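Presented below is the structure to which this report refers.
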Amino acid sequence: EDFHTQLYFLYYPHGDCDLSLAGAWCSQVVVPKRVSAVLGKNVTLECRVEVGSNLTLTQSSWERRLPSGSVAVAVYNPEFGTFIPPEYINRLHFRSPSSHDATIVLGNVGFSDVGSYTCKVATFPLGNTQASTTVNVLVEPKVYISAGSTALIDGGNETVVATCIAERARPPAEVSWESNLFGQSEVQLFDDVNGTTSTQVRYIWQPTRHVQGQELTCVVRHPALQSDFRIPYQLNVQFAPDISVVGYDGNWYVGRENVQMTCKANANPPAHHFRWIRLDSEMPEGLEIRNSTLLFLRPLHRNDSGVYRCEVANDINLRSRDVRILIQDPPTMPSTITAPVLTGSSTFVVEKGHVLLSAPTLKALPESNLGTVVGGAVGGALFLLLVLTVVGVCYLRKQQAFHGSYYAKQNLGPSELQKAPAQHELRPTKAGGSSRSQDHDREEWGDRELKRDRRHYSDYNGEQYPINGYTRAMRESGRLNSLQTPHENPQGSGPQQARSTKYARSPKAQRNGSPYLSDDCYDSGAEGDYVSHTDGSVISRREWYV
């Protein structure tokens, strides 16, 4: 290709002999069989000359064959130079004339240049040698796209979307459409002057809004074009407004402020009419329409509930969208919280206090603060529960410590335990005694020093408690009881009779509120080592003490 001209060369040898056989006495001229030129551009006519070593080139030339005969268009003489006829002087020249090259360049090719051209070579003493080629003129098509005669309406019938046209091409151009749509193409050819042809390809398709903005591509192929020629075409499908309403979140309640509804429309051509109406009643007061937005300029009322309609129109059609609004009750919170009140005494007292919390009636809390208020209420309740738990644990531990004390069981202080018991409270269990009974007697009367020593020496320095003997307190109590028997028991003076009489009486509980029986419920006989309780059970005196 030279000078942006697409050429198709098919070389063939033409001469009087074969150089490989005849050697130095032959000459040969090589030209392309056909040459294609583009209308209005330059074309190159190749001519390669091969002359034997014993031959001399005297002249090379190009001739054009016409119906009237042959006409020389270019001459080269190694001695006298080049010659170009006046009718070609401005648009024809030798590319690089020599004894081996007779190539010429023809510019601004027109339809009149179509025909046969011959390259001649004269040698001495052999004579003339020549070869011919045919020039064909190509016409590059003019390509463009024409939109359909009718607008593309969503949901309409099949129509011509666009037409791709390749005008006045030589030879006719190959035209096609590339698309992802399910349309079809129709090809039409029209013959023009000078042997050119116009090609038209229509694309037929049923419009739908879902492909709005997509592209079709017209593709043109022609020998005069260096590559495929591609032209995009954007679809323009017109459709009525597609409406959506934003702003209503389903959580509109009495007293809520700063709410609005906006009517959004997707339309082609763009929407130019917006209107808000209420279907079930008149439009409430305090509402304002700004373009496509319905503004509530006041807190919401209960009567704002209803069905609202947004109407939108463009050049294609009028569409509407209905929205049902439900105004709910305002969010509420518990009005009172019962909280324990601790007193200064050791007794845990629960009193009911009322904490007043304001609940919204007409005006709700701002949405931005509602989460903070709820979080604070939950945190306060958790903190109150923690305080109650700590106080309850302390109270239970104190009660356990109270029931676990020996003095607490009798509800007597150490000073009262040191007092001598009444004569009827103790009875000797067995006769006899030992030196160890003195320590046990001290224990019965609550000797603090001895109890402190027992924390360190549980066996009294190796001596055990008296098991079957009488303590001194029991012996003294027995003697006093025997002296008083005639007065207290006129019907019998024996120990057995006194014991039976004693059991006949109902047991007395302690006056200090202790749940344990008093000492006068204890038997003074051999069974005196056991203690009876109000529920009828008995327990060893030693176990009861421990």
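Residue numbering for the sequence shown follows this note's numbering, starting at 693 and increasing by one per position. Cβ atoms here follow ideal geometry from the backbone N, Cα and C, with glycine treated the same way. Computed from a predicted structure; not experimentally measured.
Item	Value
At least 3 beta-carbon pairs within less than 8 Å: the stretch 758 to 770 vs the stretch 842 to 861	no
Close Cβ partners of residue 977 (< 7 Å) along its chain, the five nearest in sequence each way excluded	none
Same chain only: Cβ atoms within 6 Å of residue 824, ignoring 5 sequence neighbours per side	808 and 810
Own chain residues within Cβ distance below 8 Å of residue 788, not counting five before or after	795
Status (buried if at least 16 other CB within 10 Å, exposed otherwise) for residue 780	buried
Residue interval of the beta strand (DSSP E) (run including residue 722)	719 to 724
Beta-carbon gap between residue 737 and residue 791 smaller than 7 Å	no
Beta strand (DSSP E) runs wholly inside the stretch 749 to 809, at least 3 long, in chain order	761 to 769, 773 to 775, 784 to 786 and 796 to 798
Distance between beta carbons of residue 931 and residue 1008, contact taken as under 8 Å	6 Å
Buried/exposed call for residue 918, threshold 16 Cβ in 10 Å	exposed
Close beta carbons around residue 904, own chain, < 8 Å, minus the five adjacent residues each side	927, 928, 929, 931 and 960
Identity of the residues DSSP links to residue 811 by a beta bridge	754 and 823
Min CB distance residue 1019 to chain C below 7 Å	Going by chain labels, chain C is absent from the structure shown, which holds only one protein chain.
Integer-rounded CB distance, given that residue 888 should sit under 8 Å from residue 831	5 Å
Simplified DSSP assignment, three categories, for residue 951	coil
For residue 1080, three-class secondary structure by DSSP	helix
Host beta strand (DSSP E) of residue 965 (start-end)	965 to 970
Residue 755, buried or exposed, once every other Cβ within 10 Å from all chains shown has been counted against 16	buried
Cβ pair residue 692, residue 856 closer than 7 Å	There is no way to answer for residue 692, as the model of the chain reaches only from 693 to 1238.
For residue 851, the first and last residue of its enclosing beta strand (DSSP E)	851 to 861
Sequence-distant residues of the same chain with beta carbon closer than 6 Å to residue 922, five excluded per side	909 and 911
Coarse secondary structure for residue 1002, derived from DSSP in three states	strand
Length of the line joining the Cα atoms of residue 833 and residue 915	10 Å
Closest by C-alpha distance to residue 1248, when choosing among 799, 793, 859 and 767	Because residue 1248 is not part of the residues shown, which for the chain are 693 to 1238, the question remains open.
Residue 860 and residue 883 closer than 7 Å at C-beta	no
From 897, 863, 812 and 818, residue whose alpha carbon lies closest to that of residue 842	897
Boundaries (first-last residue) of the beta strand (DSSP E) holding residue 834	834 to 839
Integer Cβ distance of residue 1014 from residue 971, believed to fall under 8 Å	7 Å
Neighbour-count burial assignment, residue 805, 16 or more Cβ in a 10 Å radius	buried
Residue 891 to residue 719 span [Cα, whole Å]	48 Å
Secondary structure of residue 1075, DSSP reduced to three states	helix
N- and C-terminal bounds of the beta strand (DSSP E) containing residue 929	929 to 938
Nearest-angstrom Cβ-Cβ length linking residue 967 and residue 1003, presumed shorter than 8 Å	4 Å
Coarse secondary structure for residue 739, derived from DSSP in three states	coil
Supposed contact pair residue 954 and residue 984 - C-beta distance, whole angstroms, cut 8 Å	6 Å
Residues of its chain near residue 845, where Cβ-Cβ distance is below 8 Å and the 5 sequence neighbours each way are ignored	899, 929, 930, 931 and 1008
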